[in-house]
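For the record, the sequence lines run as chains F and L. With this note's numbering as the guide, the letters of the first sequence map in order to residues 741 to 926. With this note's numbering as the guide, the letters of the second sequence map in order to residues 592 to 769. All residues carry an ideal CB built from backbone N, CA and C; glycine is no exception. Remember, predicted model here, so these are calculated numbers, not experimental data.
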Amino acid sequence: MSGEQPRVGFGALYRVFFWIGLFSFGGGLLPWIQREIVTLRGWMKDEEFLPGVALAQILPGVNSTNLAVFVGQRLRGAPGSVVAVIGMLTGPFLVMLVAAVTYQYVLGAPAIQAAMAGAAAGAIGMMLNMGVAAVRSASRGVAAILVMIAVFVAVGVMRWSLIPVVLVAIPVSVALAWPRGARDAG
Amino acid sequence: MRDDPLLGLIVVLAPLSIASIGGASAIYAPLQYEAVEVRHWVTGAQFLDLFAISRFIPGPSSILGALIGFNIAGLLGALVAMVALYLPSSALCYAVGAVWDRHRGKPWHTALEQGLAPIAAGLIMAGVLSLYRISGGDVLTGTVILGSAGALAWKRKLHPFILLAGGAIAFELAWLVR
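1. List the residues of chain L whose Cβ lies closer than 8 Å to the Cβ of W783(F), in chain order.
2. Verify the CB distance criterion: does I773(F) have a CB-CB separation below 8 Å to chain L?
3. At a cut of 8 Å, does the segment 892-903 of chain F reach the segment 699-711 of chain L through at least three beta carbon pairs?
4. Taking DSSP as the reference, what is the three-state secondary structure of D729(L)?
5. Please confirm if L600(L) has its CB atom under 8 Å from at least one CB of chain F.
6. With respect to the alpha helix (DSSP H) encompassing D595(L), which residues constitute its N-terminal and C-terminal limits?
7. Run down chain L in chain order and give the residues with a C-beta less than 9 Å from the C-beta of R880(F).
8. Taking Cβ to Cβ, would you say S653(L) is nearer than 8 Å to I618(L)?
9. Do three or more CB pairs link the segment 747-763 of chain F to the segment 775-795 of chain F at distances below 8 Å?
10. Is the CB of A840(F) under 8 Å away from at least one CB in chain L?
11. In whole angstroms, give me the CA-to-CA distance for G688(L) and V906(F).
12. Quick one: residues in its chain with C-beta nearer than 8 Å to the C-beta of L731(L), no 5 flanking neighbours on either side, listed in chain order?
13. Closer than 8 Å between beta carbons: that is the criterion. Which residues of the segment 898-909 of chain F meet it against chain L?
14. Check for me: the alpha helix (DSSP H) holding M888(F) runs from which residue to which?
15. Mind the definition here: the segment 812-819 of chain F touches the segment 635-653 of chain L only if three or more C-beta pairs lie below 8 Å; say whether that holds.
16. Which same chain residues end up closer than 8 Å to V908(F) when comparing Cβ atoms and leaving out the 5 residues on each side of it in sequence?
17. Classify S821(F): buried if its beta carbon has 16 or more other beta carbons within 10 angstroms, exposed otherwise.
18. Residue range of the alpha helix (DSSP H) that S681(L) falls in?
19. Contact criterion: CB-CB distance below 8 Å. Does L780(F) meet it with respect to chain L?
20. Can you find a CB in chain L that lies within less than 8 Å of the CB of A854(F)?
21. For a test of the three-state rule: what should DSSP assign to W772(F), helix, strand or coil?
22. Is the separation between the beta-carbon of A676(L) and that of L799(F) shorter than 8 Å?
23. Tell me which same chain residues have a C-beta within less than 7 Å of the C-beta of F763(F), skipping the five on either side of it?
24. Nearest to M716(L) by CA position, among A874(F), L916(F), G858(F) and N806(F), is which residue?
25. Using the three-state DSSP reduction, which class does S742(F) fall into: helix, strand or coil?
26. Cutting at 8 Å between CB atoms, please list the residues of its own chain near K785(F), excluding the five before and the five after it.
27. Can you tell me where the alpha helix (DSSP H) holding I760(L) begins and where it ends?
28. Using a C-beta cutoff of 8 Å, does A685(F) count as contacting chain L?
29. Taking the straight line between their C-alpha atoms, what separation do you get for A664(L) and P596(L)?
30. Kindly say whether T732(L), judged by its beta-carbon, lies nearer than 8 Å to any beta-carbon of chain C.
31. Could you tell me whether the segment 874-891 of chain F touches the segment 751-759 of chain L, where touching means 3 or more Cβ pairs closer than 8 Å?
32. Compare the C-beta of A917(F) against all C-beta atoms of chain L and say whether one is closer than 8 Å.
33. Is it buried or exposed, Y685(L), if we count other Cβ atoms within 10 angstroms and call 16 or more buried?
34. DSSP three-state call for T634(L): helix, strand or coil?
Shown next as structure tokens:
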């Protein structure tokens, strides 16, 4: 922590992830986290955030809780990670308890199912928006664009399993980015 | 020992936490095998019921494990299941993130950061495609996805509730006129 910015409070961190977690349907969570953390609050920059998005997807576990760990860790260290993950899971846990007791009366209704499917589609749209922005900012030259397309085709279109694809893609992509990265850091 | 439900939950779910690479769908098959066939926590029909419920709960779909925990050991079972499901993978992610943070600014770190960016972008777009497929892949879903993405491109700070509610209303209308 360099202290160039005021520290983010644990309460604020918890609240942000609580609301994201409570309304997370259909898996479009990463853009929502980006919106709250980067766009609205400026707690992190996009360049710090996007590697977290990659790590969150590559590492085992749920993407959104992994990203909460990454963000919490960056902002407030280990306690920050704990607070962010617990915040993220509080809402779903409470809804799960209610659902476990009441599901046969409520959730089977077709009208509810349609609404949930629609909300999920809206969330996928957020994901698409984030993807377009990520494609733009990652398009530093032909090599990066080729890596991007290769990963998309392999995982998305061909549905190859993530791990082997990533194990090949990371060394290739890093090697291609090496000269520029060394210069930028220098 | 094998009969203790809480210990059983930890033994079954903690490895799945680390095994769930690329999303929770990877854990369904082993979870079903353990919960139904090996340990008889729930019947096959109950498992399917709980699976359906888990799809209506916000958050990760692996929360199905906590539903099973609740079913066999009540509130404590649900809590133990949550810890077993999310602590191992979170701890691993934390360890990687801590190493990541410590080397900020070094040349290899910057190279890795720039090398990971196109991979992240490719994975996000692949995720969009697979979520679209899972959600049925029909015209209505595609339209809502594009509409939601377009609305967000138009107003960057648009609240996600509006996008979720817009999608829900569109599907509700489609369901009514069908």
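Taking the coordinates as given:
1. Chain L residues near W783(F): none, gap ~14 Å exceeds 8 Å.
2. Under the Cβ distance rule, I773(F) does not count among the residues neighbouring chain L, no pair being separated by less than 8 Å.
3. They do not touch, by the three-pair rule.
4. Here D729(L) sits in coil by DSSP.
5. Not one chain F Cβ lies under 8 Å of L600(L).
6. No alpha helix (DSSP H) contains D595(L), which DSSP labels as neither H nor E.
7. The answer, in chain order, is Q705, A708 and P709.
8. Less than 8 Å divides the Cβ of S653(L) from the Cβ of I618(L).
9. A contact exists between the segment 747-763 of chain F and the segment 775-795 of chain F.
10. Cβ-Cβ to chain L under 8 Å: yes for A840(F).
11. Roughly 18 Å separates the two Cα atoms.
12. Cβ neighbours of L731(L) beyond the five flanking positions: A761, F762 and A765.
13. Listed by position along the chain: R899, S901, L902, I903, V906 and A909.
14. Where M888(F) is concerned, the enclosing alpha helix (DSSP H) starts and stops at V882 to V891.
15. Touching, no, given that fewer than three Cβ pairs across the two stretches are closer than 8 Å.
16. Once the five neighbours on either side are set aside, V908(F) has no close Cβ partner at all.
17. Counting the other Cβ atoms within 10 Å of the Cβ of S821(F) gives 16 or more, which makes it buried.
18. If you look at S681(L), you'll find it in the alpha helix (DSSP H) that goes L655 to R693.
19. By this cut-off, L780(F) is an interface position.
20. Judged by the 8 Å Cβ criterion, A854(F) is in contact with chain L.
21. W772(F) falls in the helix class under three-state DSSP.
22. The sequence as given places Leu at residue 676(L); Ala does not occur at that position. Contact: no.
23. Once the five neighbours on either side are set aside, F763(F) has no close Cβ partner at all.
24. Minimum Cα distance to M716(L) is reached at A874(F).
25. For S742(F), the pLDDT reaches just 46, beneath the cut-off of 50, and the residue's location in the model is therefore unreliable, although a value from the coordinates is still provided. Three-state DSSP puts S742(F) in coil, outside helix and strand.
26. Excluding five sequence positions before and after K785(F), the CB atoms of its chain that fall closer than 8 Å to its own CB belong to V778, given in chain order.
27. Annotation: the continuous alpha helix (DSSP H) that includes I760(L) extends over P751 to V768.
28. Limits of chain F in this structure are 741 at one end and 926 at the other, which puts residue 685(F) out of reach.
29. Going from the Cα of A664(L) to the Cα of P596(L) covers about 7 Å.
30. No chain C is present in this structure, whose protein chains are F and L.
31. Short answer: they don't touch.
32. Yes, because at least one Cβ of chain L sits closer than 8 Å to the Cβ of A917(F).
33. Within 10 angstroms of the beta-carbon of Y685(L) lie 16 or more other beta-carbons, which makes it buried.
34. T634(L) falls in the coil class under three-state DSSP.
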